[in-house]
Amino acid sequence: MSKLTKKSSQKNYRKLIIYGLSFLMVCGGVYLLTIIRSPIEAPSPEATTKTIEELTKTRPIIQGERLYIPKLGVDLPISTSQSESDSDELAVMADNVLNRKPQNGNPRDGGNYVLAAHRLELGWTPEQTRAKSPLYNIDKLEVGDEMFVDYGGVRYRYKVSEYRQVAPTALEIENRTGMPQITLYSCDLAGYDAGREVVIAKPAGTVDI
Numbered sequence: 214m215s216k217l218t219k220k221s222s223q224k225n226y227r228k229l230i231i232y233g234l235s236f237l238m239v240c241g242g243v244y245l246l247t248i249i250r251s252p253i254e255a256p257s258p259e260a261t262t263k264t265i266e267e268l269t270k271t272r273p274i275i276q277g278e279r280l281y282i283p284k285l286g287v288d289l290p291i292s293t294s295q296s297e298s299d300s301d302e303l304a305v306m307a308d309n310v311l312n313r314k315p316q317n318g319n320p321r322d323g324g325n326y327v328l329a330a331h332r333l334e335l336g337w338t339p340e341q342t343r344a345k346s347p348l349y350n351i352d353k354l355e356v357g358d359e360m361f362v363d364y365g366g367v368r369y370r371y372k373v374s375e376y377r378q379v380a381p382t383a384l385e386i387e388n389r390t391g392m393p394q395i396t397l398y399s400c401d402l403a404g405y406d407a408g409r410e411v412v413i414a415k416p417a418g419t420v421d422i
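If you read the sequence shown in our numbering, its first letter stands for residue 214, the second for the next number, and so on.
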């Protein structure tokens with residue numbers, strides 16, 4: 214092969230790489246634009262009401278710990294991590310709601326039942342992104358909205374009592390409380406450093422059918 218032919222081949226190869234990278238960047242930009250322009254929608258009021266009826270009027274089949282937030286379409290298992298390292302906790306939150314500081318409370322014994330999950334985690338498809346971002350619409354929760362927790366063979370009902378935003382350094386939200394409650398939180402959509410969205414929910418009885 215002549216030097217001229219080699220140079221031509223190398224030039225074409227570089228062009229292919231540049232075109233390929235440009236294509237990937239365009240596809241990535243289109244995908245991000247789709248997520249931004251078409252945010253993850255919360256269930257309709259009718260769907261929310263139907264879910265609440267299913268959770269309260271049908272004998273519950275309880276297997277392990279689970280969190281239900283009808284208004285957000287959340288129906289996920291709750292798990293603790295082996296340690297409080299970022300890697301262990303992120304591994305749990307890949308498919309679960311994380312129970313942080315389990316020693317500080319639970320539905321059966323009272324105290325502060327601290328739960329955390331992803332706000333926005335990108336997947337390869339919009340469907341994967343929705344599945345990985347269970348608390349995307351946490352800011353839509355209002356006082357009086359219901360959530361349910363399966364714990365120790367019992368389905369507990371809670372009602373939202375407070376919503377607030379705090380700094381990422383506000384670790385006191387995880388402290389044990391004198392009265393039983395759920396503290397549910399996730400990151401701000403702008404990222405971890407921008408703060409946390411926090412929802413407090415108080416017990417409203419159990420589901421007995």
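The beta carbon of each residue, even a glycine, is placed where N, CA and C say it ideally should be.
Judging by CA-CA distance, which residue of T342, E266, G324 and Q394 is the nearest neighbour of R332? T342
At what residues does the beta strand (DSSP E) containing V356 begin and finish? Segment: none, V356 is in no beta strand (DSSP E) and carries neither H nor E.
Simplified DSSP assignment, three categories, for D288: strand
Alpha-carbon to alpha-carbon, A255 and G286: 7 Å
Would N312 and I291 qualify as a contact pair, given that the criterion is a beta-carbon distance under 8 Å? yes
Own chain residues within Cβ distance below 6 Å of V411, not counting five before or after: R377, V379, I386 and Y398
Which residues in the same chain as R409 place their Cβ atom closer than 8 Å to its Cβ, once the five residues preceding and following it in sequence are excluded? Q378, V379, A380, P381, A383, I386, Y398, S399, C400 and D401
Helix, strand or coil for Q295, going by three-state DSSP, please let me know. coil
To the nearest angstrom, how far is it from the Cα of L335 to the Cα of V327? 24 Å
Give the straight-line distance between the Cα atoms of Q394 and G323, rounded to the nearest whole angstrom. 7 Å
Three-pair Cβ contact test at 8 Å for the segment 271-279 versus the segment 358-369: yes
Do V420 and T269 have their C-beta atoms within less than 8 Å of each other? yes
Could you check the C-alpha separation between D406 and R272 for me, to the nearest Å? 42 Å
Determine the burial state of A329: buried for a count of at least 16 other Cβ atoms within 10 Å of its Cβ, exposed for fewer. buried
Between the Cα of N350 and those of N309, I253, V356 and A260, spot the shortest distance and give me the residue it belongs to. I253
Cβ-based burial, N309 [other Cβ within 10 Å; buried from 16]: buried
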